[in-house]
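Below you'll find the structure, written out as structure tokens, and then a few comments.
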DNA sequence: ATATAAACGAAACGATCCGTTCCGATACAG
DNA sequence: CTGTATCGGAACGGATCGTTTCGTTTATAT
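Printed below as a string of structure tokens:
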């Protein structure tokens, strides 16, 4: 098993072009650091130390911390989540929410996303990236789930955007307050509320 | 002989108890600093400088930056927001949401709240303060609105907590992505969704 | 009247991180 | 061979953190 956690021996220039090894080492170190200590323990200094890279190398390729976070998240997106299709919106939401919360809990992705949201409150560029790139991406994926439900007449087509907003806000609230325990009853109740299913039905 | 004709430049102890002048000066300085520079330019150092206070005085009364932010926000909110009671949940929500978004837009409170949430992503103590102190306070106020609705049989009593969570998440999402324009139609649609009112009804 | 206790602001501390700027070494491109 | 852009290392000036020390101030307890 390859050890990707520690720095390699001195890694020098490979000429007048970007060194992919350095880039990979930096992204890996950033990911590991976020996984271990979250946003609080995340600094360019520490990433450079772990990656065996110089700070100038990092600043050369990522102008801001947000840019680095974005690339780390993009690399992480390799393990992306599949959309469920259970035949009913409320059970789709139940399955997706439990998978999403687990994904946020069990990978660095939760910390990365929290870091991005926090960074967006400080940096205008990070806010733009969050609002105009991440949010539309997530909405685009999830929208299909709601569109299928509208096709089945479970919800009105005109409600799709608003229900999506409610659902995203629900997930953000739990992420940002660190309440991602697998609280199945609460998730199920909320899934039913959003899907317009009466309690107790199946 | 004490000089009561004009304020001394230096503000000293008034005995073995908290000096209200110092507290007021610190809260005022923090509020002004957040209004001027937002979370990015907010530091304890600068608050102390502006307030003419010592850092130990701040740290003596506010263990973390989050505790200070919470007090600034609380002082701000008490004077600006009242709970509506229109007789129907959806119109209560409509009125409250428009007032809240305006409050966030037109006072430093939006910046303060954003700062608090961001701080909670970097500091465990701030997260606890937000989740265990601040949020319950906010929920307690809003809960009355939903309890009245349950008394009128507009919603089920068992749904109150979950609907509250959806409503809070909706507001957070818009605050954190800086989408607080007075989008009356969107607010109205979401208020109806949460209150379980069909579109177009009154 | 006096001593105690706690608050006050100022100043300095060690530490961390920021973003930048040097430097010598490296290796491809022309 | 020369030029150029990269690499990591080191150090910088600056900011902020949270803490500690110090002398001063004033209400309260004795």
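Protein chains in written order, with my numbering: chain A, 416 to 617; chain B, 416 to 617. For every residue, glycine included, the Cβ atom is placed at its ideal position computed from N, Cα and C.
Near the ligand COA: residue i beta-carbon under 7 Å from a heavy atom
i, result
"residue 554(B)", "In the structure shown, the ligand COA is absent, as is every other ligand, since no ligand is present at all."
Of the residues the options, the one placed nearest residue i, counting alpha carbons only
i, options, result
"residue 433(B)", "471(B), 596(B) and 476(B)", "476(B)"
"residue 591(B)", "482(A), 465(A), 555(A) and 534(A)", "534(A)"
"residue 514(A)", "435(A), 427(A) and 586(A)", "586(A)"
"residue 468(A)", "612(A), 426(A), 547(A) and 541(A)", "426(A)"
"residue 608(B)", "552(A), 614(A), 581(A) and 589(A)", "581(A)"
"residue 503(B)", "435(B), 579(B) and 560(B)", "560(B)"
"residue 594(B)", "501(A), 546(A), 613(A) and 505(A)", "546(A)"
"residue 614(B)", "579(B), 551(B) and 505(B)", "505(B)"
"residue 612(B)", "438(B), 507(B) and 551(B)", "507(B)"
"residue 474(B)", "438(B), 549(B), 526(B) and 551(B)", "438(B)"
Residue i burial status per 10 Å Cβ neighbour count (16 or more: buried)
i, result
"residue 524(B)", "buried"
"residue 498(B)", "exposed"
"residue 496(A)", "exposed"
"residue 455(B)", "exposed"
"residue 420(A)", "At residue 420(A), the pLDDT of 40 sits below 50, so the modelled position is not reliable; the number obtained from the coordinates is stated separately. Label assigned to residue 420(A): exposed."
"residue 544(B)", "buried"
"residue 541(B)", "buried"
"residue 452(B)", "exposed"
"residue 428(A)", "exposed"
"residue 435(A)", "exposed"
"residue 512(A)", "buried"
Residue i versus residue j - alpha carbon distance
i, j, result
"residue 531(A)", "residue 430(A)", "33 Å"
"residue 522(A)", "residue 466(A)", "20 Å"
"residue 459(B)", "residue 472(B)", "11 Å"
"residue 423(A)", "residue 556(A)", "Summary for residue 423(A): the model assigns pLDDT 47, below 50, so the residue's position carries little reliability; its value from the coordinates is reported in the next sentence. So the alpha carbons of these two residues sit roughly 38 Å apart."
"residue 464(B)", "residue 479(A)", "29 Å"
"residue 553(B)", "residue 485(B)", "11 Å"
"residue 457(A)", "residue 470(A)", "14 Å"
"residue 448(A)", "residue 462(A)", "7 Å"
"residue 623(A)", "residue 562(A)", "Since the first residue shown for chain A is 416 and the last is 617, residue 623(A) is missing from the structure and cannot be characterised."
"residue 566(A)", "residue 551(A)", "22 Å"
"residue 526(B)", "residue 450(B)", "7 Å"
"residue 536(B)", "residue 446(A)", "17 Å"
"residue 501(A)", "residue 558(A)", "15 Å"
"residue 579(A)", "residue 579(B)", "16 Å"
C-beta atoms of residue i and residue j nearer than 8 Å
i, j, result
"residue 606(A)", "residue 538(A)", "no"
"residue 528(A)", "residue 516(A)", "no"
"residue 564(B)", "residue 610(B)", "yes"
"residue 483(B)", "residue 584(A)", "no"
Discussion item. When you compare the stretch 483-492 of chain A with the stretch 436-447 of chain A, are there three or more beta-carbon pairs, one atom per stretch, that lie closer than 8 Å?
Written reply: The stretch 483-492 of chain A, when compared against the stretch 436-447 of chain A, does touch it at the 8 Å Cβ threshold.
Discussion item. Quick test of the definition: if touching needs 3 or more C-beta pairs under 8 Å, does the stretch 562-573 of chain B touch the stretch 560-577 of chain A?
Written reply: They do not touch, by the three-pair rule.
Discussion item. Does the structure place the stretch 600-607 of chain B close enough to the stretch 592-603 of chain A that three or more beta carbon pairs sit under 8 Å?
Written reply: Contact fails between the stretch 592-603 of chain A and the stretch 600-607 of chain B, because fewer than three Cβ pairs, one in each stretch, are under 8 Å apart.
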